[in-house]
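Each residue of the sequence shown is one higher than the last, beginning at 974 in this note's numbering.
All C-beta atoms, glycine included, are put in the ideal place defined by N, C-alpha and C.
Encoded as structure tokens, the structure appears first; notes follow it.
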Amino acid sequence: MSNYVQRFLLENLDIRGALVRLDSVWLQMLAGRNYPQPVTQLLGEMSATTLLLGNNLKHGGRLTIQLNGDGPVSMLVIDCTESLHIRGMAKYEQQIESQPLADLLGHGQLLLTLDMPSMHESYQSIVPLDGNTTAEIFEHYFKQSEQLSSRLFLVATNEAILGLLLQKLPTTDQQDPDGWNRIEALASTIQDHYSIVGLTAQEILTRLFSEEIIRIFDAQTVHYGCHEDPAKIYTLLHLLGREEVDSILREFGEIVVNDEICDREYRLDALAVDAIFRKAGSTIH
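Spelled out as structure tokens, the structure:
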């Protein structure tokens, strides 16, 4: 199993890039979801793109991409940390078919939020839904945000995700006037050869760019970002307050909290709630 983001540089052309590959982490993200194929593909493409963006975080924090729209896919949320712990989910209509991206998303917004607790800062920007594919939407975003020509190639199935980002640096044309066009054409074949998903990053890059000088940097491992975290549920109960929590218990007999992004449900009866508040009270001096 391989889950990584791998940066590289085509030294003789001054073209930089990054390759993302997920298999076991992707299977964890999909476990129990039963998404139809169009939703799986969209979530996979967005997940690969989020990792390629998150890999560039310079000051730590959390990057979140959120789609809200009126199409068959009404909501999609993916976030990852600077250490590349990723999680995500989608909401969609029960009857959904393969159709153009614009029809899947409808009229909506794609928001990119960067939270950096260490710097006490948060940034949010709107990514225009300008393009017929996920790749085109984010190619335009990279062009605006980094002022660099960029190409993005994405493959997403039920078993794995593969994403390739290329960026043209200022001296690329001086190195080789036809270099960028040649590399774009070679990179586009990644979508025609699914068998390369099972290869290492070095093997994939060597197959794609066999005639180029490739400098490969250290890979970063990607992890599944969901784990059982009762503490955040306890914090939520304390924020509600004992009176409100007891009111819910009287009405429903238990407290049920759904963690949608991690597809996990927490159930607490009166005894569990009482223990939580008693423990909190014992720590107050």
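Look at the Cβ atom of residue i, then the Cβ atom of residue j, and state whether they are nearer than 8 Å.
i            : j            : result
residue 1097 : residue 1086 : yes
residue 1134 : residue 995  : yes
residue 1197 : residue 998  : yes
residue 1230 : residue 1209 : yes
residue 1156 : residue 986  : yes
residue 1081 : residue 1043 : yes
residue 1121 : residue 1142 : yes
residue 1000 : residue 1039 : no
residue 1236 : residue 1006 : yes
residue 1021 : residue 1136 : yes
residue 1118 : residue 1139 : no
residue 1177 : residue 992  : yes
residue 1240 : residue 1227 : yes
residue 1073 : residue 1041 : no
For residue i, name the three-state secondary structure that DSSP assigns.
i            : result
residue 1226 : coil
residue 976  : coil
residue 1233 : helix
residue 1000 : helix
residue 1071 : coil
residue 1123 : strand
residue 984  : coil
residue 1238 : strand
Could you tell me the distance, in whole angstroms, from the CA atom of residue i to the CA atom of residue j?
i            : j            : result
residue 1182 : residue 1246 : 59 Å
residue 1268 : residue 1075 : Residue numbering for the chain in the displayed model covers 974 to 1258; residue 1268 lies beyond these limits and cannot be assessed.
residue 1017 : residue 1218 : 38 Å
residue 1179 : residue 1002 : 29 Å
residue 1130 : residue 1010 : 8 Å
residue 1057 : residue 1103 : 27 Å
residue 1195 : residue 1026 : 13 Å
residue 1222 : residue 1238 : 17 Å
residue 1034 : residue 1099 : 19 Å
residue 1048 : residue 1029 : 25 Å
residue 1234 : residue 1059 : 11 Å
residue 1128 : residue 1015 : 10 Å
residue 1192 : residue 976  : 10 Å
residue 1095 : residue 979  : 27 Å
residue 1242 : residue 1061 : 29 Å
residue 1160 : residue 1077 : 27 Å
residue 1203 : residue 1252 : 14 Å
Under the assumption that residue i contacts residue j (Cβ atoms under 8 Å), give the Cβ distance between them as a whole number of angstroms.
i            : j            : result
residue 1063 : residue 1008 : 7 Å
- Task: Could you tell me which uninterrupted alpha helix (DSSP H) segments, each at least 4 residues in length, are contained entirely in the segment 1127–1212, listed from first to last along the chain?
- Result: 1145–1148, 1152–1161, 1174–1181
- Curious, which full-length beta strand (DSSP E) runs of at least 3 residues does the segment 1076–1118 contain? 1081–1089, 1094–1100
- Message: In chain order, what are the residue ranges of uninterrupted alpha helix (DSSP H) at least 4 long that sit wholly in the segment 1001–1060?
- Response: 1010–1027
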